[in-house]
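In what follows, a structure is listed as structure tokens, so that the remarks can point back to it.
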Amino acid sequence: MNNPTRSAPAPIVRFAPSPTGYLHIGGARTALFNWLYARGRGGKMLLRIEDTDRERNNPAAVAAILDGLKWLELDWDGEAVSQFGRAQRHRQVAEELLANGHAYKCWLTPQELERMREEAQAEKRPLTIRSMWRDRDGSGAPEGVPYVIRLKAPREGETVVDDLVQGRVVFANKELDDLIILRSDGNPTYNLAVVVDDHDMKISHVIRGVDHLTNSARQTQIYEAMGWAVPKFAHVPLIHGPDGAKLSKRHGALGIEAYREMGYLPAALRNYLVRLGWSHGNDEIMSNSQMLDWFDVTDINRSAARFDFAKLEDLNGHYIRTSDDQELLKRIEDLLPFLPDGAKIVERLDSDTRARLLLAMPGLKERAKTIIELVHGADFLFADRPLPLDEKAEKLLDPEGRQRLTELLPKLEASSRWSAGELEEIVRTFAEATGAKLGKVAQPLRAALTGKSISPPVFDVMAVLGREEALGRIRDQAA
RNA sequence: GGUCCCUUCGUCUAUCGGUUAGGACGCGAGAUUUUCAAUCUUGAAAGACGGGUUCGACUCCCGUAGGGACCGCCA
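So the first sequence is numbered by the working numbering: it starts at 145 and just counts up by one.
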């Protein structure tokens with residue numbers, strides 16, 4: 145954040161998702177890395193929507209991505225830039241490249257290209273597109289046939305991507321095609337648009353997934369053709385599924401909103417994601433300011449990491465336990481609309497039950513790994529008398545258990561303050577007097593009060609439910 | 001197939017040539033306990049393989065194997 149030892153100029157980074165779908169978990173981590181790098185060094189975090197492909201553009205996806213970032217509490221500077229909105233400027237640069245001899249018009253048709261690919265495939269030789277139009281200067285061009293503009297990429301030597309994560313990656317120029325920078329319909333392609341935008345937006349560090357590594361080599365050629373400074377690159381490894389294969393819908397490549405709906409906290413998800421491919425010694429749980437202080441792209445690992453829900457859950461449990469009760473209540477209320485049985489609870493959430501929920505929170509949050517578990521733990525608060533009993537509760541309320549409740553009832557009715565402490569004393573005294581182990585009394589009591597065999601401590605449950613409700617539930621089950 | 005990248009406990013990782021290879025999750029055992037958690041103690045668990053370089057390699061180099069990314073007028 146305000147680390148005085150950092151004297152380098154403040155970086156300008158960008159997160160540049162394409163609006164073809166939701167914000168997936170890998171994208172979320174890339175955004176987080178960008179955000180940490182910018183915010184940790186007093187830099188800027190810009191947002192750009194890569195929507196040059198009009199056919200695949202989806203406004204709902206843009207909204208979902210922005211929502212996901214907001215939920216993750218990652219902010220950005222200024223308005224999100226639409227790449228499509230800058231098409232004029234991209235075309236202008238393409239013309240400039242044409243004029244300065246670094247690009248050429250190519251009349252190769254998609255059909256011809258397809259045939260070249262098939263032939264290469266059949267002969268099992270590598271395919272590198274070598275357009276015959278490269279050096280013809282447009283002579284012999286067919287009439288009225290649309291053309292594309294290709295970069296006249298160097299054929300000799302090598303193009304180097306000096307990557308902050310991957311190291312120095314060298315590509316032989318003879319392996320690289322003359323990439324298309326302007327489509328036959330006059331629209332810019334991704335690689336051109338990205339270079340122009342990154343240059344115009346004065347991006348100092350391009351932090352993105354390794355799937356873009358070869359693009360960086362191509363983009364470097366465009367920078368060089370324009371005589372522009374190449375930004376620093378940091379290509380972060382991809383996230384894999386539990387089986388080591390690329391993360392797909394089958395595993396966990398869900399939209400970020402799915403994680404919210406599964407009851408994860410943004411802080412937990414951030415902490416989990418930052419430790420995937422990056423670490424700071426043995427530190428596992430870290431605050432935002434620690435992350436901001438410690439994070440550096442040069443410490444990111446080169447190998448892909450597998451997504452592990454068990455560890456995410458553990459972290460989430462930690463963040464729930466250390467969260468403020470009031471905040472948890474808000475998280476619950478935010479999540480309720482997305483839960484199958486949430487509407488029922490929303491209905492009952494008046495100021496009284498809200499207060500009870502808050503009162504129960506310390507006991508509840510100790511046992512929940514997700515917000516959903518937190519809600520289920522609070523089920524007993526919203527139950528109607530007579531309570532439905534689950535199988536184990538049923539067993540606890542055998543004749544012996546019910547008999548105990550009957551005997552205990554008058555003692556509880558005589559309680560003066562109905563506090564957890566007083567109630568515990570009453571029950572303990574009762575247990576001792578009857579020579580029963582505390583559990584023999586507490587378990588039937590729990591079953592009667594919650595309908596379950598597991599719950600927060602029974603005395604807390606009684607206090608939270610209040611005298612009238614608690615006694616009523618016990619009477620329902622007493623012999 | 002071509003190019004490029006990767007490879008330490010099951011998983012995430014530490015180690016920047018010299019360590020009994022450490023931590024976390026998960027798993028096992030124990031303590032605590034009114035249940036379940038939480039918490040504490042504790043156990044099992046790793047340098048893919050083969051060559052070098054070096055007094056000494058998990059660490060540097062080469063090869064093999066395995067995995068991955070990219071190879072669109074998609075981004």
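Here a beta-carbon is modelled for each residue, glycine too, at the ideal position from N, C-alpha and C.
Item	Value
Pull the bridge partners of S226 from the DSSP assignment, please.	I193
Are there three or more Cβ pairs, one per stretch, closer than 8 Å when the region 484 to 491 is compared with the region 566 to 584?	no
Spatial neighbours of S599 within its chain, please: CB distance less than 7 Å, with the 5 preceding and 5 following residues excluded, ordered by chain position.	F524, R590, V605
What is the rounded straight-line gap between the Cα of Y463 and the Cα of P588?	32 Å
From the DSSP secondary-structure annotation, give me the bridge partner or partners of Y248.	R294
At which residues does the beta strand (DSSP E) containing L326 begin and terminate?	324 to 326
Would you check if the distance between the CB atom of T578 and the CB atom of E551 is smaller than 9 Å?	yes
Can you say whether L482 is buried or exposed, counting buried as having 16 or more other CB atoms within 10 angstroms of its CB?	The sequence given here has Phe at residue 482, not Leu. Exposed: under 16 other Cβ atoms inside 10 Å.
Looking only at its chain, what residues have a beta carbon closer than 6 Å to the beta carbon of R619, apart from the 5 residues adjacent to it on each side?	none
Considering F482, what are the terminal residues of the alpha helix (DSSP H) in which it resides?	Where F482 is concerned, there is no enclosing alpha helix (DSSP H), given that its DSSP letter is neither H nor E.
Does DSSP put V157 in a helix, in a strand, or in coil?	strand
For A378, report the span of its beta strand (DSSP E) as first-last.	376 to 380
In terms of residues, what are the limits of the alpha helix (DSSP H) holding D306?	First-last for D306: 302 to 307, but that is the beta strand (DSSP E), not the alpha helix (DSSP H).
With a threshold of 16 other CB atoms inside 10 Å of the CB of T149, please say whether the residue is buried or exposed.	Residue placement at T149 is flagged as unreliable, the pLDDT there being 49, under the threshold of 50; a coordinate-derived value is accordingly withheld.
For P97, does the count of other Cβ atoms within 10 angstroms reach 16, so buried, or fall short, so exposed?	In the structure as shown, the chain begins at 145 and stops at 623. Residue 97 is therefore absent and cannot be evaluated.
Under a Cβ-count criterion, where at least 16 other Cβ atoms within 10 Å of its own Cβ denotes burial, should N147 be classed as buried or exposed?	Confidence is the limiting factor: at N147 the pLDDT is only 48, short of 50, which leaves the residue's position unreliable, though a coordinate-based value still follows. By the neighbour-count rule (16 or more Cβ atoms within 10 Å), N147 is not buried but exposed.
Based on Cα-Cα distance, which residue from I444, E194, R617 lies nearest to D528?	R617
If I follow the unbroken beta strand (DSSP E) through A316, where does it start and stop?	311 to 316
Report, in whole angstroms, the separation of the C-beta atoms of L167 and A208, which I expect to be a contact under 8 Å.	6 Å
Going by DSSP, what residue range makes up the beta strand (DSSP E) through V350?	349 to 353
Please report the Cβ distance between G330 and N317, rounded to the nearest whole angstrom; I am assuming they are in contact, meaning their Cβ atoms lie under 8 Å.	G330 to N317, Cβ: 28 Å. No contact.
Does the region 444 to 460 come within contact of the region 496 to 509, defined as at least 3 CB pairs closer than 8 Å?	no
So, at 8 Å on beta carbons, what are the nonlocal neighbours of M370 in its own chain, with the 5 sequence-adjacent residues on each side left out?	V237, E240, L241, H246, V339, H343
Just list the residues that DSSP pairs P386 with in beta bridges.	In DSSP, P386 forms no bridge with anything.
Would you list the residues sitting across from K188 in a DSSP beta bridge?	I156
Using CA atoms only, rank isn't needed, just tell me which of E263, V309, P484 is closest to M406.	P484
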